[in-house]
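Chains as they are written, first to last, in this note's numbering: chain E, 1275 to 1540; chain X, 38 to 308. Glycine is no exception: its CB is placed at the ideal position from the N, C-alpha and C atoms. Note that the coordinates shown come from a computational prediction; the quantities given were computed from them, not determined experimentally.
Put into structure tokens, the structure is as follows:
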């Protein structure tokens, strides 16, 4: 199914980037969770009162009374979306398109390894990174919350929230991966792999920002991950993330099929 | 026995580029030279054989297996040097050779060591910093280290100095005696003439001729015998004009440039 040697090489290439993003996430999460304090809440609510549009655009809302609600407002709208997204954009491009563009894909193909095995290996490496980032986020959150606000540690709720986030990142990784499989030139692969998720994210910001721009929520898949409804345990809160998950699988399959049938001028 | 077989292969890239109705085969234990100028379609044919691109019309098989569908099976026993070598720039040569061995699931450390010694290659440095010649040597080691039965070599000696080119010719000769099947592409007549049993000449995507190296040699290599006044004169003449002196006699062989060989076929075709 996968080639262990290739998988190890790719994970080794991912590790520096993953460590960097883990460090960035640690910084943000420790600081932002540290902000959680009723007094500070009032200040942030004050900001929201002053510039509701800007605050809402980055996913921050007023009146988050619980710690989880606070985290949804200040972490799940931007930090926890953007950094893993950058990881997927950069690594997905490296994993297929860059090899084809540089010609070194010939090394991988000129060996008794099926194209299917190559593409599954590269996808596994990409998704391993996404899972590691999400796992790290979860563990860090549990530790920070457990240490600072043990009375507000709602493990099951946090896990459900992060599962939804994981499915969102599976879909983002799927778009980047498909783009990497389609294009034989690294710059096109990057343009689409970065461009589509970024555009969707901007739509999401617009939809959050203003009432008139609310219709934009129908043009972005980010709408399908609604952390507020997951935390509120609304019925059907997981329909969106499940659609994201199914969409991600479809993108992986499509990317894999395209790679296996593709002519490569190596 | 036919090992490599291309039948009526056509791949039209438009504007006269591509290959058109190319057919030839390479038999077991044979070294086949695939000769043509740059852009003639040699690499396009090789990409089909390697399973990098799918044939749209015509067939490509190696050992009876379809080059596109069964490429992984074929690759088990195949060594390949690509026309433009691109390895993993982030690795050192040693790391790369280890990677390829493990990736292929082979271990033939002795053969690898022999090849490194033969081509005087120290693979410790980063591939990124290697010269064209060093990368080419690394490519040769990578292609031969698992001791494959079939070799597909696209301009394998480009970037090598004359000494290393000779060592490469020796290596091909040795592999031939071991019964290996070799397809060697080149744009230099001398190179294929020295190593190959049969030569196929390709131009503008069409196979112009397939003939034995001996026949082509007779047709395109002219020999002159000259007699000079003194043996000293003969010796210096031989030295200056790359001939062989014997007493007052000198034998000079002229080798035609590839282009003039092509022109020969062109004019022959028009007549």
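With DSSP run on the structure shown, which of helix, strand or coil describes residue 1478 of chain E?
-> If DSSP states are grouped into helix, strand and coil, residue 1478 of chain E belongs with the helices.
Length-filtered (3 minimum) beta strand (DSSP E) runs lying within the segment 70-146 of chain X = 94-99, 115-118
When X/205, X/273, X/188, X/185 are compared against residue 194 of chain X, the one with the closest alpha-carbon | X/205
Closer than 9 Å, Cβ to any Cβ of chain E: which residues of the segment 103-116 of chain X, in chain order?
-> Flagged, chain order: 108, 109, 110, 111, 112, 113, 114, 115, 116.
For residue 259 of chain X, write down the residues that DSSP places opposite it in a beta bridge.
-> X/291
Thinking C-beta only, is residue 1363 of chain E closer than 9 Å to residue 1450 of chain E?
-> Result yes, Cβ atoms of residue 1450 of chain E and residue 1363 of chain E sit closer than 9 Å.
Contact list for residue 1279 of chain E against chain X, beta-carbon separation under 7 Å | From the beta-carbon of residue 1279 of chain E, the residues of chain X found nearer than 7 Å are 136, 139, 140.
Please state if the CB of residue 1519 of chain E and the CB of residue 1441 of chain E are separated by a distance shorter than 9 Å.
-> yes
Under a CB-based cut-off of 9 Å, is residue 127 of chain X close to chain E?
-> At least one chain E Cβ lies under 9 Å of residue 127 of chain X.
Closest to residue 214 of chain X by CA distance: which of X/67, X/52, X/62 is it?
-> Closest by alpha carbon: X/67.
Since residue 88 of chain X meets chain E, which of its residues come closer than 8 Å, beta carbon to beta carbon?
-> Residues of chain E passing the Cβ test: 1383.
Do the segment 145-153 of chain X and the segment 166-181 of chain X touch if we need at least three Cβ pairs shorter than 8 Å?
-> Counting C-beta pairs with one atom in each stretch, the segment 145-153 of chain X and the segment 166-181 of chain X have three or more that are closer than 8 Å, which means they touch.
Within the same chain, show all residues whose beta-carbon is closer than 6 Å to that of residue 70 of chain X, passing over the 5 residues directly before and after it, in chain order.
-> 221, 229, 233, 236
Going along the chain, which residues of the segment 215-227 of chain X sit with their C-beta nearer than 7 Å to a C-beta in chain E?
-> none
For residue 50 of chain X, the first and last residue of its enclosing beta strand (DSSP E) = Unbroken beta strand (DSSP E) run through residue 50 of chain X: 39-51.
DSSP state of residue 1431 of chain E mapped onto helix, strand, coil = helix
Helix, strand or coil: which one does DSSP assign to residue 1500 of chain E?
-> coil
Straight-line gap, residue 1391 of chain E to residue 108 of chain X (C-alpha atoms, nearest Å) | 13 Å
With residue 265 of chain X as the anchor, note down where its beta strand (DSSP E) starts and where it stops.
-> From DSSP, residue 265 of chain X is part of no beta strand (DSSP E); its letter is neither H nor E.
Under a CB-based cut-off of 9 Å, is residue 1377 of chain E close to chain X?
-> yes
Per DSSP, which one or two residues make a beta bridge with residue 59 of chain X?
-> X/46
On the three-state DSSP scale, how would you describe residue 220 of chain X?
-> strand
Just the Cα atoms here: how many angstroms apart are residue 208 of chain X and residue 141 of chain X?
-> 22 Å
Counting Cβ pairs closer than 8 Å, one from the segment 265-284 of chain X and one from the segment 81-97 of chain X, do we hit at least three?
-> no
Counting contacts by CB-CB distance shorter than 9 Å, is residue 1393 of chain E in contact with chain X?
-> no
Can you tell me the Cα-Cα spacing of residue 1412 of chain E and residue 1323 of chain E, whole angstroms?
-> 31 Å
Does the beta carbon of residue 1380 of chain E come closer than 9 Å to any beta carbon on chain X?
-> yes
Using CA coordinates, which residue listed in E/1283, E/1508, E/1416, E/1401 is at the minimum distance from residue 1300 of chain E?
-> E/1416
Would you decide whether residue 210 of chain X is buried or exposed? Buried here means 16 or more other CB atoms lie within 10 Å of its CB.
-> exposed
Is the Cβ of residue 1505 of chain E closer than 9 Å to any Cβ of chain X?
-> no
Name the DSSP beta bridge partners of residue 235 of chain X, please?
-> X/69, X/249
Report the partner residues of residue 281 of chain X according to the DSSP bridge assignment.
-> For residue 281 of chain X, which the question treats as bridged, DSSP gives the partners X/288.
Looking only at DSSP bridge pairs, what is residue 1390 of chain E linked to?
-> Beta-bridge pairing links residue 1390 of chain E to no other residue.
I think residue 73 of chain X touches residue 240 of chain X, with their Cβ atoms under 8 Å apart; what is that distance to the nearest whole Å?
-> 6 Å
According to DSSP, which residues form a beta bridge with residue 204 of chain X?
-> Its beta-bridge partners do not exist; DSSP assigns none.
Cα-Cα, which of X/263, X/218, X/202, X/238 is closest to residue 231 of chain X?
-> X/202
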